[in-house]
Structures are given as structure tokens and as C-alpha cells.
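Let me begin by presenting the structure, written as C-alpha cells, before commenting on it.
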Amino acid sequence: MGSYSGGDYDSSDDDDSQDDESTDDHTQTGVDDYTGDGEGDGSGEDSGGGKAAAAAGAAGAAGTAGAGGAGASGTAASGAGGGAVTEPPEGEDSGDGDDSDDEECEEEEEEENQPESPDVEESDIELEDDIEEPETEEDAEEEDADEEEDEDEDEEEDETMVVVQEVDALSALSWGVQPVMKHVEECYGEEIELFYKPAPVREIDPEQAKQQWVECSEELEMPVDPSFWDEDPPESTELVNRAFEAALQQYRGMEYIRTLWRHGVAAGRDINDREILIELASDLGLDLEQFEKDLDEVEVEAGERGELPFTLMEVQGNPVPKNGRVRYSDLKTQFTFQGIDEQKPQELQGFVDEHGPVATPEVMEVYDIRRDEAVQRLQDLDDVSSFENSGENFWY
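Numbering (this note's numbering), first residue to last: 142 to 537.
Printed below as a string of C-alpha cells:
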């Protein structure tokens, strides 16, 4: 049924074949292409016409015989006409009736020879009422441009200022500015991202380093013990930098560097020792196997950075570096210039829970209060304890 295509079939062919029933050719246009068995040639219709002619001849012969039995000579000629004047017995059809029957038979035979129209299943696909016209290349370009503009606006709104501070465990000034950095975290932490990373490995002159620690202890309020440099002082920051980087691999870098400062800078304990570095990592609950592996394998940067800490931020897309001591007022000015608003610090209990152990000077800086008030407020907190280190209290 390859040539059948839905509504191509024309029923007018049936009417034409019925009007020409006296002819032998009953072939139907439009049906020859489609046949049930592949050979629909109309032979059935031709044989039906022959049967009708034979039936008419038989009726004429019967009429002639009836007229001869009556002895009427004139009716012999009419008998040749097929007995049209003879009344058929009751219950039999007349000659016209026979013709009608013959026509009906022919029509039935023609209908039987008609190919059956195949059942066409209705498509399950629903056509959409609204069909969108295809986009032109110009429309697509305009749409892409609009999307990029929206993305740029979202990026500007969600853009977070990044502050990176390079430090090392033997820099007393990096420890000394921790109150300022905690103030920044508390009041701008939702708008900026603050990262700490190891400064490049530096060679150390023990005498010069000790003098810097003394000056730091005099200028800043954080506890510093210069006696660290009196016995077997380190000559490089490579080992402590490796330990710091190993802790960063476990996302515990900030906690670990503060632990090194508290034990080394504040308490004067020798932290330039592999076993002590592993012990301090254990106290924080780090994965010791991984820590020791990283301690041996991590790569640390070498070079000269100048006075530490080295603080770097971007202002209007331009890097703004700062070596040495940083003050909260200086950073606040930069943040305000960037349109970043200062927020209030969290409650004191939350601050101790998040950052402890914290030194009293850190609480004084963050909450802008004097020492006696800071100590009183810390003592009034539930579930907060303290320990003394180099004459300073640490709260946790």
C-alpha cells in the first residue's frame, strides 16, 4: 500500500463505474495502485457482466416457449424479445425485477472488489496552538548580549572583596596585628573574604629578629616573649612554613598558625622542631598521617617579601599592597571607598566560641572597650574559661 496517502482516494470513480455498467471495463481510477493482493485488474467486474447477459438470454428463451404452447403465431416474434408480455407466476419477479437484481449483483460485486481503506491511526502528537517562530541569528545575538549584561550586573552585585595576608610563625608583628584582623573579620566578614597564606621562606638573623620582637612587645598589646631567640634559634622559616602549609591542606591553617604564635611568640617555646609541630597538630585533631606526609612533601615559596605581615587587597580593580603593621582605620577607609558597610560584631559569647582561645587585647579591639571592662564581661560569660600565658589571659 505504498502509494496510498490518506485522503487521496476519490469516491467519484465508483459512480462512473456504475453509470457505465453496460460496458465490460469496470477498472477504477485511483484503485489500481492499491490492491489487497497486488493484482487488482477488474476481472471480477467483467465476469459479472457476462453472467447478466446470460440471465437475460435465458429469460427470452423461456418467453418464446410459452407463446408456442398457446398456438399464437404472432407472439413468436415477441418471444424473441424475452417474454416481456408474459405475467410471471405469483412469487416470481418480473423481467424488470431481474434487471434490477442483476444491477444490484453487479454493484455488490464491484463493492466487494473495492480495496478496503486502511485504518489510519490518529496521531498521539498534540499540535501546539502557539508555535514559536524560529529565532533569527540577530535575535539570538541580542538575547545572548542581554544575558551577558544580566550576568555582569549580578557579578557586580555579588562581587566579594578579597584580602590576602601573608604571614609566618616567627613574625611577632603578624601576631601583634591579630586584634585588628579579628575586628575586620567580625565587622566585614560577610562582605569580604580574608585569607592567610605562608609568606615566602626567609633567612633569619637571630639578633635582629629578637630586637624586632622586643619592639613589637612595647608597641602592641599582644603578649610577646623575646627569650625565644636565646637558645638554639632558627635561621630560616622553612620548617614552620611547611607545617603551616600542611595544616592548610586540611583547611585548618588559621587555627594552626594561631597555635604556633601562641606557643612560640607569646610563650617563647621552641616551635622550630618537627616533633613539636606534629604534637600541636595532634592537639587540634588534624589527621597526623596526612599532616606528616604533607610536612615532607609540600612545596613552599622562597623569596623576599619585606616586613611582615604583607597585606594585599584590590581597590577598584587595582592591587593595594601593605607591608608591616595595619590599623583598623586604614582598612575601614578602603572598605568604605568600595561601598562596603561596617556591621556590628556578634555577641561576645559567640566570638569566644568561634575564635578562642582569644587574648584580652583582641576582645578590647573588636568591642572597642577598655581592659577592665573586657575582663569583667568575659568573666560574666557562662562556659568560658581562661589560662595565663606570658602575663596575658586567653579565653576559650
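From the three backbone atoms N, C-alpha and C, an ideal C-beta is built for every residue, glycine too. Owing to the predicted nature of the structure, the values given are computational and were not obtained by experimental measurement.
For residue 368, the CB contacts under 6 Å within the same chain, skipping 5 residues up- and downstream, are 409 in chain order. Residue 443 counts as exposed, since fewer than 16 other beta carbons sit within 10 angstroms of its beta carbon. Nearest to residue 510 by C-alpha distance, out of 524, 528, 526, 486, is 486. When Cβ pairs closer than 8 Å are counted between the two stretches, the segment 466 to 477 is seen to touch the segment 304 to 324, the count reaching three or more.
For residue 337, no alpha helix (DSSP H) run applies; the uninterrupted beta strand (DSSP E) run containing it begins and ends at 333 to 339, by DSSP. Look at residue 467 here: in three-state DSSP terms it is coil, with no helix or strand label.
The three-state secondary structure of residue 306, taken from DSSP, is strand. In the DSSP assignment, residue 534 falls within the beta strand (DSSP E) that extends over 533 to 536. When DSSP assignments are scanned along the segment 313 to 386, the uninterrupted stretches of beta strand (DSSP E) that are 3 or more residues long and fall wholly within it turn out to be 333 to 339. The beta carbons of residue 476 and residue 329 sit closer together than 9 Å. Listed as beta-bridge partners of residue 528 by DSSP are 535.
In the DSSP assignment, residue 451 forms a beta bridge with 307, 464.
When secondary structure is reduced to three states using DSSP, residue 499 falls in the strand class. When only Cα atoms are considered, residue 353 and residue 323 end up about 23 Å apart. Spanning the alpha carbons of residue 363 and residue 387 requires a straight line of approximately 26 Å. For residue 404, the CB contacts under 6 Å within the same chain, skipping 5 residues up- and downstream, are 410, 412 in chain order. Contact between the segment 394 to 403 and the segment 365 to 380 is absent: fewer than three C-beta pairs spanning the two stretches fall below 8 Å. The shortest C-alpha to C-alpha distance from residue 344 to any of 331, 312, 416, 418 is the one to 312.
Per the coordinates, the alpha-carbon of residue 449 lies some 15 Å from the alpha-carbon of residue 351. A Cβ-Cβ contact shorter than 9 Å links residue 374 with residue 347.
Assigned with DSSP and collapsed to three states, residue 407 falls in helix. Taking each of 525, 301, 361, 385 in turn and checking the Cα distance to residue 308, the smallest one comes out for 385. Bounds of the alpha helix (DSSP H) holding residue 515 are 512 to 520. Note on geometry: alpha-carbon atoms of residue 428 and residue 414 lie some 19 Å from one another. In this structure, DSSP gives residue 441 a state outside helix and strand, which the three-state scheme calls coil.
About 26 Å separates the beta carbons of residue 379 and residue 304, which is beyond the 8 Å limit, so they are not a contact pair. Within the same chain, Cβ atoms closer than 7 Å to the Cβ of residue 530 are found at 364, 403, 407, 408, the five residues on either side in sequence being excluded. Under DSSP, residue 456 forms a beta bridge with 459. Closest by C-alpha distance to residue 488, out of 306, 439, 507, 474, is 507. Linking residue 334 to residue 277 through their CA atoms gives a straight-line distance of about 43 Å.
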